[in-house]
Amino acid sequence: MPPRVSGPQGLSVFNLCLRPAAPRQTPALQPLVQKANLTQDEKKRLRKQQPYKWAQIQQRKAVKVERQEEIKKARAATWGNPIHGITTPFVESFDSAGQASVSKILFKTNENGERVPAELPTDPELLNHNLTKQELEEALSTAYQLTKPLETTNRALVDSVSEAQELKQHEERHRKAVTALQRITSIENANDKSRLVINVRRCVETFGRHNTDKILRPKPRAPGLPEREPLERGGPDTGSSEVQIAILTAKIRVLAKIFEGRYGHKDKANRRNLRLLVHRRQRLLKYMERKERGSERWQNMLRTLGLTEATWKQQITV
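Residues in the sequence shown are numbered from 1 upward in steps of one, following full-length UniProt numbering.
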């Protein structure tokens with residue numbers, strides 16, 4: 001029975017209970033782990049007991065989620081599409097074979113701060129059926145001279161009225177022939193196959209080393225190795241990696257537009273062809289990255305064709 005202890009005057013007697021102290025808990029060897037997420041009960045309790053702190057938590061979470069979305073969009077923009085990459089003016093000019101001068105999807109800001117369509121690279125000299133404007137004009141001038149009525153040396157036997165009428169008819173026939181040939185050779189009336197032929201020619205002229213070697217510097221050699229002498233090319237360069245990649249990009253754009261159309265999901269043959277072209281371009285890009293990474297040829301090709309890491313890294317599914 002606990003002892004009875006008398007207290008000060010005016011207070012009743014109280015009991016004193018002497019018990020052994022509770023043993024100290026052995027400190028845990030593992031560090032204290034703080035939970036990152038709260039349970040549902042803890043969230044309810046915090047929302048009810050500390051509404052101000054709960055509002056701060058929700059505000060920080062909203063800012064964090066918004067920042068994550070911005071980073072995700074920026075990465076997606078730089079990563080690009082594995083098929084199209086990032087659309088550039090040169091790639092968009094494939095649709096018109098270098099005839100349209102203004103973009104329909106790309107815009108820029110002018111000096112007045114207005115948003116205006118971007119300019120596209122054009123090649124007005126190229127015509128349908130693998131002709132040029134100069135060749136067409138030479139052919140028309142030759143045809144004009146060959147079909148012109150012969151002038152009689154004996155002017156006494158010539159009827160001036162009939163001669164003038166023949167010349168007028170000749171001029172009218174020549175004008176109609178010129179109009180017909182312009183319509184026939186116009187790229188606007190060409191089919192997709194003819195546009196692809198023109199785009200291949202443009203790729204060879206833009207990325208062929210017979211032209212780019214005069215503008216772009218070669219990749220620097222390792223220290224101690226002698227510099228290579230530039231090769232003399234006998235004609236247009238059609239076998240370089242960048243030329244083949246540009247040609248494949250033009251073909252991929254044509255097939256991708258067909259596949260992304262209204263009934264493209266039913267076109268199984270084009271799906272396979274598109275997959276083959278994309279993976280062939282991916283192999284060429286990996287090879288060129290290994291050989292020319294950091295060089296002006298590599299940077300110029302990526303900048304002109306809008307190719308990103310998505311076009312040659314990781315797995316591409318079509």
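The beta-carbon is built from N, C-alpha and C at its ideal position, and this holds for glycine as well.
Item, Value
"With C-beta atoms as the reference, is Leu106 less than 9 Å away from Pro117?", "yes"
"Using 10 angstroms around the beta-carbon of Thr109, count the other beta-carbons present and answer buried if the total reaches 16, otherwise exposed.", "exposed"
"So who's on the other strand from Leu223, going by DSSP bridges?", "According to the sequence shown, residue 223 is Pro rather than Leu. Answer is none; Pro223 lacks a bridge partner."
"With 16 other CB atoms within 10 Å as the buried threshold, where does Ser241 fall?", "buried"
"Just grab the DSSP bridge partners of Glu119 for me.", "Val102"
"Classify Ile252 as buried or exposed, calling it buried when 16 or more other Cβ atoms lie within 10 Å of its own Cβ.", "buried"
"Do Asn128 and Asn189 have their C-beta atoms within less than 9 Å of each other?", "yes"
"Cα-Cα, which of Asp95, Lys73, Glu69 is closest to Ile258?", "Asp95"
"Near Arg201, what residues of its chain come up, given a Cβ to Cβ distance below 7 Å and the 5 sequence neighbours on each side ignored?", "Leu126"
"Can you have a look at Ile245 and say buried or exposed, based on whether 16 or more other CB atoms are within 10 angstroms of its CB?", "buried"
"At what residues does the alpha helix (DSSP H) containing Val158 begin and finish?", "Looking at the DSSP string, Val158 is not in any alpha helix (DSSP H), and its letter there is neither H nor E."
"Go through its chain and collect everything with a Cβ distance to Val243's Cβ below 7 Å, but skip five positions before and after it.", "Cys203, Val204, Phe207, Gly208, Asp237"
"Considering only the beta carbon of each residue, do Val197 and Arg271 sit closer than 9 Å?", "no"
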